[in-house]
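Notes follow once the structure below has been shown.
Residue numbers (the numbering used here): 59 to 699.
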């Protein structure tokens, strides 16, 4: 007997008819066997009488089965009398037309059996939906050779089916398996494998969850991917019971975490975290490795658009490492050692290729990552020994090529050290690398070029020779030095040794103010000097009232904690400055966008200056290339290149 699906093509069905249609797999296979048999050329057509006899034989056989059922299982037979009288009132004399119509009605699910309203979905219904979902996924892959029970050619049917599964399939599976709803506040997941019905329905569930992963890999629209990821997050307990499908899901999640849109990245991370929290011993080690590789791969280039995504990956990856410090130590040790080996090769060989393996965005972002990991997990006796070698690698990176063209990279390294020092309560001498810039750079020298746009130090590692001649370079450099010196002193503002720590900086700032003749630069540094001196006076006054010695570590720690709770002049100023600074950055970003939209007039030079102009532009293009980097190591110790 053929199904409704075979009687009417799928494109002729409405969405409601498709969703309410049921299919019997056993009868479909029999129908397909009959059709394939009839297609053979050497087979003769059976006589109509034989077909009728065959159907009558089936009817008699059906009656015999019912009679045997009545004697063997009277309770079930009584249940059939109450709930399915048609099955018992089977008539041998039913015509072919009546039987076909009954078959059509039997395979058309009534509206009250739709999954979203079912009290207890049947295994047959779940199997039908799973087969239909498999066919829908096959259309996204363009795999026409894959054998599917159904064929979906209508986009409306596809959309309705996928939406139906995303909304209702998780609840339907839970009801079918009779899984108890988790209690409020319960963190432990209820695994579907604990259900007695799991083994019977495992194949269909496995097919469905595999289809969800395949669907994720083929989608391109961010909103649709986000919806499917939410559904995958719901289905995590099912994936945990199916290791192969879970590994495929993890691979897809890591891809979306590292390359997707903002919402997609967040949802992918939530699913990754959920899986690793409940199966740490199985998946955490491999997931951390793959996430680190994806992080390095996707931070090769940095721009204002990609920087927020890179920062998101840093923070979330640090959170993943915090799940197990023992596993994290193994990864951190290996990768920090790898960074140290690259640095050692660059120091020893002193070639362009070797130092470029250090002076690139991937290396710098890895330094940032491990500083954030150690900061997030602190305090940890397991990871604390890695603080010192990581600081040594960062300092070695600063000293590798100490020239003005790589001041942006130096500032990135100091910012990473400041982050690590502030969160691990570890003193790292980063100020000398900032004060060295103040001492070396000639801020009184007039710029050779005027620039329209300011230099964004957050997204560059290296300055060109043209940049060094611009006014925007010195303006941005003074601003960066102000920010970093203030941030570093903010981390040490409550230390009992703050006056001694600040003394070299105070001396250097006074010397700078004495030599510098640029009013804007002097104004910023004078303000910074005043705040540092004000904090020194405050700490000195508090120390004079203390009744303990510096050797008493416990008393010193308690004193510093009390000072931090009360606040110091520098910490209060820093809080206000931070808010204003964030607003300024937003205004700068919006200003740059407006500036890009302006059609500025082009300045044309006179013919007499044409030769000179050509010479100038020739030098400009040369400085933008990397050909002059071969002599960088020869320039060590010089003030500028």
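Don't be surprised by glycine CBs; every beta carbon is placed ideally from N, CA and C.
Closest residue to residue i among the options (Cα-Cα distance)
{"i": "residue 301", "options": "321, 333, 466", "result": "333"}
{"i": "residue 542", "options": "561, 476, 368, 255", "result": "476"}
{"i": "residue 377", "options": "399, 345, 396", "result": "345"}
{"i": "residue 416", "options": "520, 370, 481, 385", "result": "520"}
{"i": "residue 625", "options": "194, 600, 514", "result": "600"}
{"i": "residue 553", "options": "289, 597, 454", "result": "597"}
{"i": "residue 589", "options": "540, 578, 621", "result": "540"}
{"i": "residue 267", "options": "455, 473, 223", "result": "223"}
{"i": "residue 296", "options": "311, 392, 249, 566", "result": "249"}
{"i": "residue 264", "options": "283, 389, 188, 449", "result": "188"}
{"i": "residue 460", "options": "433, 446, 413", "result": "413"}
{"i": "residue 496", "options": "337, 512, 462", "result": "462"}
{"i": "residue 431", "options": "374, 284, 337, 232", "result": "374"}
{"i": "residue 446", "options": "581, 469, 479", "result": "479"}
{"i": "residue 506", "options": "400, 530, 179", "result": "530"}
{"i": "residue 330", "options": "358, 466, 198, 294", "result": "294"}
{"i": "residue 398", "options": "380, 433, 341, 458", "result": "458"}
{"i": "residue 466", "options": "422, 555, 548", "result": "422"}
{"i": "residue 591", "options": "556, 385, 632, 577", "result": "556"}
{"i": "residue 420", "options": "406, 369, 218", "result": "369"}
Cα-Cα separation, residue i to residue j
{"i": "residue 569", "j": "residue 429", "result": "33 Å"}
{"i": "residue 247", "j": "residue 306", "result": "21 Å"}
{"i": "residue 308", "j": "residue 298", "result": "11 Å"}
{"i": "residue 640", "j": "residue 504", "result": "30 Å"}
{"i": "residue 227", "j": "residue 464", "result": "56 Å"}
{"i": "residue 571", "j": "residue 583", "result": "7 Å"}
{"i": "residue 436", "j": "residue 234", "result": "46 Å"}
{"i": "residue 195", "j": "residue 230", "result": "20 Å"}
{"i": "residue 579", "j": "residue 325", "result": "46 Å"}
{"i": "residue 271", "j": "residue 323", "result": "16 Å"}
{"i": "residue 455", "j": "residue 472", "result": "11 Å"}
{"i": "residue 372", "j": "residue 518", "result": "18 Å"}
{"i": "residue 533", "j": "residue 362", "result": "20 Å"}
{"i": "residue 508", "j": "residue 617", "result": "51 Å"}
{"i": "residue 563", "j": "residue 527", "result": "27 Å"}
{"i": "residue 603", "j": "residue 483", "result": "24 Å"}
{"i": "residue 609", "j": "residue 443", "result": "24 Å"}
{"i": "residue 490", "j": "residue 347", "result": "36 Å"}
{"i": "residue 498", "j": "residue 403", "result": "28 Å"}
{"i": "residue 338", "j": "residue 595", "result": "51 Å"}
{"i": "residue 287", "j": "residue 620", "result": "47 Å"}
{"i": "residue 581", "j": "residue 440", "result": "46 Å"}
{"i": "residue 513", "j": "residue 425", "result": "23 Å"}
{"i": "residue 42", "j": "residue 221", "result": "An answer regarding residue 42 cannot be provided, because it is not within the stretch 59 to 699 covered by the chain."}
{"i": "residue 502", "j": "residue 469", "result": "22 Å"}
{"i": "residue 182", "j": "residue 387", "result": "49 Å"}
{"i": "residue 628", "j": "residue 289", "result": "49 Å"}
{"i": "residue 356", "j": "residue 535", "result": "28 Å"}
{"i": "residue 448", "j": "residue 394", "result": "7 Å"}
Neighbour-count burial assignment, residue i, 16 or more Cβ in a 10 Å radius
{"i": "residue 262", "result": "buried"}
{"i": "residue 14", "result": "This structure cannot settle anything about residue 14, because the visible part of the chain is limited to 59 through 699."}
{"i": "residue 258", "result": "exposed"}
{"i": "residue 186", "result": "buried"}
{"i": "residue 360", "result": "buried"}
{"i": "residue 278", "result": "exposed"}
{"i": "residue 255", "result": "exposed"}
{"i": "residue 485", "result": "exposed"}
{"i": "residue 593", "result": "buried"}
{"i": "residue 644", "result": "exposed"}
{"i": "residue 303", "result": "buried"}
{"i": "residue 215", "result": "buried"}
{"i": "residue 184", "result": "buried"}
{"i": "residue 192", "result": "buried"}
{"i": "residue 269", "result": "buried"}
Contact the stretch 347–356 vs the stretch 313–329: 3+ CB pairs below 8 Å | Two segments are said to touch when three or more pairs of C-beta atoms, one from each, lie closer than 8 Å; by this definition the stretch 347–356 touches the stretch 313–329.
Continuous alpha helix (DSSP H) assignments of at least 4 residues falling wholly in the stretch 252–326 = 256–276, 280–292, 294–298, 301–317
For the stretch 395–425, which segments carrying the beta strand (DSSP E) assignment without a break, of at least 3 residues, lie completely within its bounds, in sequence order?
-> none
Residue ranges of each alpha helix (DSSP H) run of no fewer than 4 residues wholly in the stretch 449–508, ordered along the chain?
-> Within the stretch 449–508, the complete alpha helix (DSSP H) segments of 4 residues or longer fall at 465–482, 489–498, listed in chain order.
Residue ranges of each beta strand (DSSP E) run of no fewer than 3 residues wholly in the stretch 506–551, ordered along the chain?
-> none
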